[in-house]
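End of the sequence shown sits at 384 in our numbering; the numbers just go up one at a time, nothing left out.
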Amino acid sequence: MMMKTVLLLISVLLTEALQSQGRPATQDEMLALVELTPYTLYPGDKLELSCKGIEEIQQVTWTKDHVPLVDGEHTRLRNHQMEIETVEPADSGLYACFAQGPNSNHTDYFNVNVTDGLASSEDDEEDESSSKEAKLSSDQKLSMAPVWDQPDKMEKKLHAVPAGKTVKFRCQANGNPTPTLKWLKNGKEFKKDQRIGGYKVREHMWTIIMESVVPSDKGNYTCLVENKYGSINHTYQLDVVGRSYFWHRPILQAGLPANRTVVVGSDVEFECKVFSDPRPHIQWLKHIEVRGSRFGPDGLPYVRVLKATGVSTTNKEMEVLQIRNVSLEDSGEYTCLAGNSIGHSHHSAWLTVYKGILWCSFWLLVSSLCLTAAVHTVG
6 MMMKTVLLLI SVLLTEALQS QGRPATQDEM LALVELTPYT LYPGDKLELS CKGIEEIQQV
66 TWTKDHVPLV DGEHTRLRNH QMEIETVEPA DSGLYACFAQ GPNSNHTDYF NVNVTDGLAS
126 SEDDEEDESS SKEAKLSSDQ KLSMAPVWDQ PDKMEKKLHA VPAGKTVKFR CQANGNPTPT
186 LKWLKNGKEF KKDQRIGGYK VREHMWTIIM ESVVPSDKGN YTCLVENKYG SINHTYQLDV
246 VGRSYFWHRP ILQAGLPANR TVVVGSDVEF ECKVFSDPRP HIQWLKHIEV RGSRFGPDGL
306 PYVRVLKATG VSTTNKEMEV LQIRNVSLED SGEYTCLAGN SIGHSHHSAW LTVYKGILWC
366 SFWLLVSSLC LTAAVHTVG
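As structure tokens, then:
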């Protein structure tokens with residue numbers, strides 16, 4: 006994440022923020038210089054903002070573009086923090102947290118920009134180079150076999166990186182029609198489910214991104230670029246050195262657990278793939294309400310432990326949560342929490358439960374319509 010710090014004069018925002026706290030802004034506060042930190046993220050990245058500034062925080066209010074934020078499935082507010090697990094362009098905007106304490110108040114501002122560009126300090130010229138193809142006239146692009154756009158940036162073939170780092174390989178090319186891009190690992194098709202945590206592909210940036218690399222990511226990565234007039238390829242060699250993922254918190258497979266929708270009385274399973282060495286401690290949690298609230302005074306959610314790693318349990322047993330004879334009360338949010346001596350990771354999913362009578366009524370209606378159509382057809 007690229008972060009730069011600038012100083013901006015935001016008198017209007019301060020006025021609105023202080024008015025929302027029930028008191029007018031003083032002249033000094035209206036003219037205060039506010040430290041605004043821009044955050045540049047990319048679709049699918051995780052956003053974490055923390056409200057600090059005073060020691061004894063009693064209450065925190067978060068806003069986005071002056072509109073109060075509420076805790077939900079997309080935006081999580083807890084323990085003086087705001088989290089968005091996977092950001093999207095619509096999450097761009099000006100965020101603010103208003104912290105109130107017994108003796109003072111404090112406001113932090115965060116300028117969040119979610120862009121589809123590539124996050125790499127080595128690729129400052131990418132926006133310019135990516136637009137070269139668009140600038141070519143249609144005459145120049147006629148019947149053009151693929152060619153590398155910046156071959157000089159592809160000269161470094163061996164990349165040795167420490168475990169836990171993010172790796173990006175880029176194979177920008179031009180051609181008409183626009184070439185397709187395919188990635189191979191060790192000469193074979195590279196599928197996302199073949200790698201812990203999967204990977205991202207920025208199609209328009211001709212880039213593959215692998216986060217938190219581990220020793221098993223070592224190998225040769227080949228980009229295959231082709232259209233009907235030709236084909237070119239380039240191979241990068243990746244070596245993961247130093248620490249193994251022993252030194253990292255557990256890695257959870259992307260997309261798991263997945264949201265589920267079932268009928269009352271059904272059985273349902275949630276799956277959570279955990280990768281960790283040493284052996285992780287895994288818990289399955291059900292989010293609950295206490296006295297009408299989902300969160301305690303400390304900002305942490307109320308949860309009930311449904312399943313936890315025991316002396317004789319295996320990781321494979323712990324990676325699956327089974328709920329039998331589901332009832333309406335089972336609806337809600339479930340979390341897979343995995344921890345080791347370094348830290349913890351968690352993924353959540355939602356269970357939606359419908360009454361069986363509604364589904365029966367639907368299928369009875371469909372059956373009735375089909376029967377009526379058949380009678381009319383025969384008649």
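Cβ atoms here follow ideal geometry from the backbone N, Cα and C, with glycine treated the same way.
Remember, predicted model here, so these are calculated numbers, not experimental data.
### Query
Which residue spans inside the stretch 222-268 form an unbroken beta strand (DSSP E) run of at least 3?
224-232, 235-246 and 265-268
### Query
Quick one: what does DSSP say residue 50 is sitting in, helix, strand or coil?
coil
### Message
Using 8 Å as the cut-off, can you tell me whether the stretch 324-337 makes contact with the stretch 295-309, which would need three or more C-beta pairs spanning the two stretches below that distance?
### Response
no
### Message
Using CA atoms only, rank isn't needed, just tell me which of 282, 265, 281 and 280 is closest to residue 274.
### Response
265
### Query
Rounded to a whole number of angstroms, what is the C-alpha to C-alpha distance between residue 95 and residue 119?
8 Å
### Message
Using the Cβ count rule (16 or more neighbours within 10 Å means buried), how would you classify residue 218?
### Response
buried
### Task
Can you tell me which of 202, 241, 111 and 311 puts its alpha carbon nearest to the alpha carbon of residue 258?
202
### Task
For the alpha helix (DSSP H) containing residue 323, list its first residue and its last residue.
320-323
### Task
Out of 244, 64 and 91, point me to the one whose CA is closest to residue 46's CA.
91
### Query
Is it buried or exposed for residue 255, if we count other Cβ within 10 angstroms and need 16 for buried?
buried
### Query
Any idea which residues DSSP pairs residue 356 with across the strands?
265 and 337
### Query
Would DSSP call residue 276 helix, strand or coil?
strand
### Per DSSP, cross-strand counterpart(s) of residue 102
67 and 113
### 8 Å contact criterion, which residue 342 and residue 288 should meet: CB distance rounded
5 Å
### Query
Whose C-alpha, out of 354, 185, 234 and 200, is nearest the C-alpha of residue 212?
185
### Query
According to DSSP, which residues form a beta bridge with residue 194?
189
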